[in-house]
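Quick notes on the structure that follows.
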Amino acid sequence: IGGKITPKHNTRGGIQMEIQSHYLISEVTNALIPAKKIDYDTIVIEADGSTKHVRRTPLQIVKDSCLSNWSTYEGRKRAVVNYTNYRERVPIPINPLKEIIAFPTHGVKHYDCCWIMFNQVDFYDRVYINSTDQTKIIFKNNHELIFNMPVESFEKLMARTYVILDAIKRTYRSSRFLVR
């Protein structure tokens, strides 16, 4: 799952955190959050509640993960657009056989774009923080994250992703080449 891990030392010689040079999305990945830090670009939240700090952007991690599953990000995106006509905030099947699909919370080049793993979302709800409509996501491990986006936008992303998952399941069920 990981890559090379580099310990980050504080001024007193103790270890603050480990920074990875590489990360691949798997069944245990909940979300990729842009870090906006000098030492690392992404905070990965995993199903066991742990976090990883990675020197690759969320989009780079998504692209690397697609490649590790025998496709390119561009190819996966093109396939989704072909089947669904979704053109913005396109959910990406990272590993269709394991039903791992990630969707972006914003346009993929947006500074605040996070990637959520559809298969890890258990529940979501509207919350108001400072009179701003936001979405609280509860993952299957009961870990909670709050995103600055209206719940209606999040619902639309979840619905889009479900459509893609359903289409993938139908395709693989009808495939005579798939090992059953």
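So for the sequence shown, this note's numbering puts the first residue at 1116; every next one is plus one. Glycine included, each C-beta is placed from N, C-alpha and C at the ideal position. Predicted model, so just to flag it, every value in this text is computed and none were measured.
Can you tell me whether residue i is buried or exposed? The criterion is at least 16 other CB atoms within 10 Å of its CB, across all chains shown.
i: His1225; result: exposed
i: Tyr1239; result: buried
i: Ser1186; result: buried
i: Ala1150; result: buried
i: Val1195; result: buried
Nearest to residue i by CA position, among the options, is which residue?
i: Ser1183; options: Pro1208, Val1223, Tyr1277; result: Pro1208
i: Asp1227; options: Phe1254, Lys1255, Tyr1138, Ile1261; result: Ile1261
i: Ile1216; options: Asn1197, Lys1152, Thr1157, Ala1274; result: Ala1274
Between the alpha carbons of residue i and residue j, how many angstroms are there, rounded?
i: Gln1175; j: Pro1265; result: 26 Å
i: Val1236; j: Ala1146; result: 10 Å
i: Thr1199; j: Arg1285; result: 14 Å
i: Pro1206; j: Thr1276; result: 6 Å
i: His1137; j: Pro1219; result: 20 Å
i: Leu1139; j: Glu1214; result: 15 Å
i: Tyr1188; j: Val1177; result: 7 Å
Quick one: what does DSSP say residue i is sitting in, helix, strand or coil?
i: Ile1283; result: helix
i: Asp1179; result: helix
i: Lys1167; result: strand
i: Arg1202; result: coil
i: Glu1161; result: strand
i: Val1143; result: coil
i: Val1196; result: helix
i: Glu1133; result: strand
Check your understanding: In chain order, which continuous runs of the beta strand (DSSP E) of length 3 or greater are located wholly inside the stretch 1238-1264?
Key -> 1247-1254, 1259-1262
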